[in-house]
Amino acid sequence: MADSDEEYIGGISEDEGDNNIARGLRGAAGSASKRRKQKGGAEFELSRTWETLVEGADGTISSTVEGLLEASKRKRLLRDTTPLQRGIIRHVVLILDLSQAMTEKDLRPTRYLLTLRYAQEFVREFFEQNPISQIGVLGLRDGLALRISDMSGNPTEHISAIQEMRSQDPKGLPSLQNGLEMARGALFHAPSHGTREILVIFGSLLSSDPGDIHQTITTLIDDKIRVGIVGLAAQVAICRELCTKTNGGDDTTYGVALNEQHFRELMMDVTTPPATYSQKQSTSSLLMMGFPSRTIELFPSLCACHSNPTSGGYLCSRCNSKVCGLPAECPSCGLTLILSTHLARSYHHLFPLMNWVEIPWQRASRSTACFACGISFPAVPPREQWHVTENLTKGMSVSSRYECTVCKNHFCIDCDLFAHEVVHNCPGCQSRIAIHSQDDVSKGQDGLEQMDTSG
Amino acid sequence: MNAVDATEHYETSAHDPAPSLLTVIIDTNPHAWALLEKNDKNQLPFSTALANILVFLNAHLACNYANEVAVVASHSHKAAWLYPSASTITTDPDGDVAMTADGNSNGGRQVNKYRLFRIVEEQVTSNLRRLMDSTSRADVNSSSSTMMAGALTLALSHINRRTIAWAEAHGGGDTSSLTRSSDPDTSTASMHARRSTTTTATNDSGAEGLQSRILIISVSSATGSAHQYIPIMNGIFACQRLHVPIDVCKLSGDAVFLQQASDATKGIYMSLSEPRGLLQYLMMAFLPDQRSRKHLILPTRVDVDFRAACFCHRRVVDVGFVCSICLSIFCEPPENGDCLTCGTHLDMGDYGAKPAVVARKKTKKKKPRPNGVSATPTPTPTPGP
Chain X
1 MADSDEEYIG
11 GISEDEGDNN
21 IARGLRGAAG
31 SASKRRKQKG
41 GAEFELSRTW
51 ETLVEGADGT
61 ISSTVEGLLE
71 ASKRKRLLRD
81 TTPLQRGIIR
91 HVVLILDLSQ
101 AMTEKDLRPT
111 RYLLTLRYAQ
121 EFVREFFEQN
131 PISQIGVLGL
141 RDGLALRISD
151 MSGNPTEHIS
161 AIQEMRSQDP
171 KGLPSLQNGL
181 EMARGALFHA
191 PSHGTREILV
201 IFGSLLSSDP
211 GDIHQTITTL
221 IDDKIRVGIV
231 GLAAQVAICR
241 ELCTKTNGGD
251 DTTYGVALNE
261 QHFRELMMDV
271 TTPPATYSQK
281 QSTSSLLMMG
291 FPSRTIELFP
301 SLCACHSNPT
311 SGGYLCSRCN
321 SKVCGLPAEC
331 PSCGLTLILS
341 THLARSYHHL
351 FPLMNWVEIP
361 WQRASRSTAC
371 FACGISFPAV
381 PPREQWHVTE
391 NLTKGMSVSS
401 RYECTVCKNH
411 FCIDCDLFAH
421 EVVHNCPGCQ
431 SRIAIHSQDD
441 VSKGQDGLEQ
451 MDTSG
Chain U
1 MNAVDATEHY
11 ETSAHDPAPS
21 LLTVIIDTNP
31 HAWALLEKND
41 KNQLPFSTAL
51 ANILVFLNAH
61 LACNYANEVA
71 VVASHSHKAA
81 WLYPSASTIT
91 TDPDGDVAMT
101 ADGNSNGGRQ
111 VNKYRLFRIV
121 EEQVTSNLRR
131 LMDSTSRADV
141 NSSSSTMMAG
151 ALTLALSHIN
161 RRTIAWAEAH
171 GGGDTSSLTR
181 SSDPDTSTAS
191 MHARRSTTTT
201 ATNDSGAEGL
211 QSRILIISVS
221 SATGSAHQYI
231 PIMNGIFACQ
241 RLHVPIDVCK
251 LSGDAVFLQQ
261 ASDATKGIYM
271 SLSEPRGLLQ
281 YLMMAFLPDQ
291 RSRKHLILPT
301 RVDVDFRAAC
311 FCHRRVVDVG
321 FVCSICLSIF
331 CEPPENGDCL
341 TCGTHLDMGD
351 YGAKPAVVAR
361 KKTKKKKPRP
371 NGVSATPTPT
381 PTPGP
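These protein sequence lines map, in sequence, to chains X and U. According to the UniProt record's numbering, the stretch in the first sequence is residues 1 to 455, in order. According to the UniProt record's numbering, the stretch in the second sequence is residues 1 to 385, in order.
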């Protein structure tokens, strides 16, 4: 990294500035975010990225650059790890603006093409995170709502349907009301234990509606449908009102994209299952589900769902009828059949891994190498130098060590990132959990606490 | 075209097959090995198995000069590195590996051995001996399971580290390392970006990227790992994301979650009928790397046990009750209808209720009554106290 040139560094810090604004937009309450937004442009212009660079003792800036890199890695890690109740069985309608305004080229290559590309990525990521949820896609064109794909749980269907839209051109004016009404119809049959959500990608600054959109908003509230909007041009008053009212006064679901990167972030944020509010949005229920095992037969037999001859499939765990694909409902006894891996995919939302804490030099001497990958940490400098490197960048550890508060092991930044974003396990806790589970086994029942810390 | 102007040989030299990193997780649970050794028919002492595994590791190292191995022990009470151990990774401030790491240990005895083979063998055996020595009687008595989730997480961390290091060291990877470290965006997008870089790094058909895979040599049975259900599943999904296949070589018993692991990551699951032939199984089934596997018919199993572990008693179930909020699995409806994980009061439906039992009709043997009152049935007598 030491040989990076100036432009590269500049790029980092500018992006960081962006990111601050973006966070403010989403994180703060309504009025605050507006203020930030107005100020945001000016701040952005005035950020002097070169001033943050300080020459190190050896006359190079490599130490600062590495610090910046590490800080940026670290920053995205520090998020809320409160295990919120989340609605994991979701029903989402994605509404894409296909009107004239989407031909603008302020987002490269055009708003239209970028939206279609991100919509496909959204669908893929959505099913990765919410495997037993359903999605439907609508479009707004020529004042009409256009059905692109029906509600279903199969990502490839949606992706190919969105792909086909590439050959068509955006035209006319959008009608937000028509789109919302059609989405409401699509969500009408969603069972009460799932969430009902609408995500609108809205490029225009107007909506040409046949009737009173406020009436539609009221019906949406009655139907407990939450609306999130990603604007591509500027804030639109009705969009903010729509988001605020349908989300119980919380307007953080409305965001206006600053650039391509930010647009993508806003969309991808929606893939995380939404927190359930304390006021009952939906009634929760206990569902009985079967986890069938796959079998293989020498001779094909008819499956109970489609009456097609197949030589393998899943046997219902209650009545042993054969279905050819999962998830499905057993055609003969009505039991919901699902792959347990589908459920397990969302467990890291339930048992999030705690954030790891930075280690000051005082406690750094306990370890010389990362517990997980074995990379060696920088040696502890003499006591006099401790304060020099202190407070260099916020959020990063001066000693490059990060400690899991449960198992007290030290890890490097890369393992920190990897553990929190990809694997969702703490290597330290998992490697010596038996010390806990010994008394767990003796006590028998209190496995839940143990699971909390480990999962 | 290239053939005409004879520039073809440049390309062939530039497209060396990418090295692959093989991480072997050895289940060293003493209980299970003792059971396996006692088995009269299929005796396989641990020492023999280890010797076989070392030969297999050497075979992998010999396939390509840049191939790497790593060995993790999943012991009964902890997971630990066998190779590389922390001492060899220790580097000088210059970034060089310390010369003493391999120079001091009885090098004179085995001068004729390929250096890498010798290092691997020495470290694995010495670390394993240390691990066994540190295992107290209490540790063995208290738990008969194995720390598979921890070993899997350690292996993944190492794979992540090596992938980053490989990408930085080689020209092909510098763009990915740049995007990885320079985009200061929030989690989801970065995760995505990183996943795509990792995908290109590990899955590209080109010469780029370190190809990693994990081989689990498992002897413990399924019930032992039920309490690690969530961490193991997290590990499996991480492997799936990184396109790291998990191969499972099962010496005894059958493990539910390991079947799911190899199925989800497109690895090989083999349950050995003749554990004594371990080396042959390893060489024939598990040696080919991802690139060769595309052209082979893999000896994996098709029927997979997809059962899950319940959160309340850690039983492995095939029909469970699922909380619609948090998707926790229970083997029986929780008391009062409150979810044990998220505390939501759940609408129970009729699951908890006992089926209404219709009282068996007492069919009396009817004697034909002579006085003809049989048309009106006699009321059943009041039951006695």
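For every residue, glycine included, the Cβ atom is placed at its ideal position computed from N, Cα and C.
- Cutoff 7 Å; reference Met-283 (chain U); Cβ partners in own chain excluding five residues on either side: Phe-56, Ala-59
- Query: Does DSSP classify Thr-341 (chain X) as helix, strand or coil?
  - Reply: helix
- Task: State the Cα-Cα distance for the pair Asn-67 (chain U) and Ile-296 (chain X), rounded to the nearest angstrom.
- Result: 37 Å
- Message: By the DSSP assignment, the alpha helix (DSSP H) with Asp-27 (chain U) in it spans what residues?
- Response: From DSSP, Asp-27 (chain U) is part of no alpha helix (DSSP H) but of the beta strand (DSSP E) over 20 to 27.
- Any chance the stretch 147 to 155 of chain U sits against the stretch 341 to 359 of chain X, with 3 or more Cβ pairs inside 8 Å? no
- So residue 413 (chain U) is in the beta strand (DSSP E); what residue range does that whole segment cover? The question about residue 413 (chain U) has no answer here: the residues shown for chain U are numbered 1 through 385.
- Message: Once the 5 residues before and after Pro-427 (chain X) are set aside, which same chain residues still bring their CB inside 8 Å of it?
- Response: Phe-371, Ala-372, Asn-409, Phe-411, Cys-415, Ala-419
- Task: Return the CA-CA distance between Asn-234 (chain U) and Gly-172 (chain X), expressed in angstroms with no decimal places.
- Result: 47 Å
- Given 8 Å, three or more beta-carbon pairs between the stretch 157 to 174 of chain X and the stretch 98 to 118 of chain X: yes
- In or out: Ser-212 (chain U) buried (at least 16 other Cβ within 10 Å) or exposed? buried
- Message: Check whether chain U comes within 9 Å of Ser-346 (chain X), counting only Cβ atoms and requiring the distance to be less than that.
- Response: yes
- Ile-25 (chain U) and Ala-238 (chain U) closer than 9 Å at C-beta: no
- Paired residues, beta bridge with Gln-134 (chain X) - DSSP: X:His-91
- Looking at C-alpha atoms only, which residue of U:Pro-333, U:Thr-300, U:Asn-112 is the closest neighbour of Tyr-269 (chain U)? U:Thr-300
- Under 9 Å between C-beta atoms of Ile-230 (chain U) and Gln-260 (chain U): no
- Query: If you measure beta-carbon to beta-carbon, which residues of the stretch 320 to 335 of chain U are closer than 9 Å to chain X?
  - Reply: Gly-320, Phe-321, Val-322, Cys-323, Ser-324, Ile-325, Cys-326, Leu-327, Ser-328, Ile-329, Phe-330, Pro-333, Pro-334
- Query: Using a C-beta cutoff of 9 Å, does His-424 (chain X) count as contacting chain U?
  - Reply: yes
- What's the gap between the Cα of Cys-303 (chain X) and the Cα of Pro-45 (chain U)? 46 Å
- Query: Is any beta-carbon of chain U found at less than 9 Å from that of Leu-350 (chain X)?
  - Reply: yes
- Query: Listed from N- to C-terminal order along the chain, which residues in the stretch 154 to 169 of chain U have their beta-carbon within a distance smaller than 7 Å of any beta-carbon of chain X?
  - Reply: Leu-154, Leu-156, Ser-157, His-158, Asn-160, Arg-161, Ile-164
- For Arg-318 (chain X), which of X:His-306, X:His-214, X:Gly-143, X:Thr-336 has the nearest alpha-carbon? X:Thr-336
- Task: Just the C-alpha distance for Asp-209 (chain X) and Ile-148 (chain X), rounded to the nearest angstrom, thanks.
- Result: 20 Å
- Item | Nearest residue (CA-CA) to residue 482 (chain X), options U:Ala-49, U:Cys-63, U:Thr-23, U:His-77 | Residue coverage of chain X in this structure runs from 1 to 455, which leaves residue 482 (chain X) outside it and unanswerable.
- Item | Asn-127 (chain U) at chain X interface by Cβ criterion, 9 Å | no
- Neighbour flag for Ala-149 (chain U) against chain X, beta carbons, 9 Å: yes
- Item | Inter-stretch contact at 8 Å, needing at least 3 Cβ pairs: the stretch 258 to 274 of chain X / the stretch 221 to 234 of chain X | yes
- If you count every other CB in all the chains shown that lies within 10 Å of the CB of Asn-154 (chain X), and 16 or more means buried, which is it? exposed
- Task: Could you tell me how far apart the beta carbons of Leu-128 (chain U) and Leu-82 (chain U) are, in whole angstroms, since I believe they sit closer than 8 Å?
- Result: 6 Å
- Query: Would the stretch 234 to 252 of chain X and the stretch 131 to 139 of chain X be scored as touching if the rule is three or more Cβ pairs under 8 Å?
  - Reply: no
- Query: Whose Cβ in chain U lies nearer than 7 Å to the Cβ of Met-289 (chain X)?
  - Reply: Gly-320, Val-322
- Looking only at C-alpha atoms, which of X:Val-406, X:Phe-188, X:Glu-164, X:Ile-213 sits nearest to Ser-175 (chain X)? X:Ile-213
- Message: By DSSP's criteria, Ser-81 (chain U) is part of a beta bridge. Which residues make up the other side?
- Response: In the sequence on display, residue 81 (chain U) carries Trp and not Ser. For Trp-81 (chain U), which the question treats as bridged, DSSP gives the partners U:Val-72.
- Message: Quick check on this structure: which residue in X:Ile-375, X:Gly-374, X:Ala-369, X:Val-398 has the alpha carbon closest to the alpha carbon of Pro-381 (chain X)?
- Response: X:Val-398
- Query: Could you give the residue range of the alpha helix (DSSP H) that holds Asp-416 (chain X)?
  - Reply: 413 to 418
- Item | Residues bridged to Arg-226 (chain X) (per DSSP) | X:Glu-197
- Item | Pro-17 (chain U) vs Asn-64 (chain U) beta-carbon contact at 9 Å | yes
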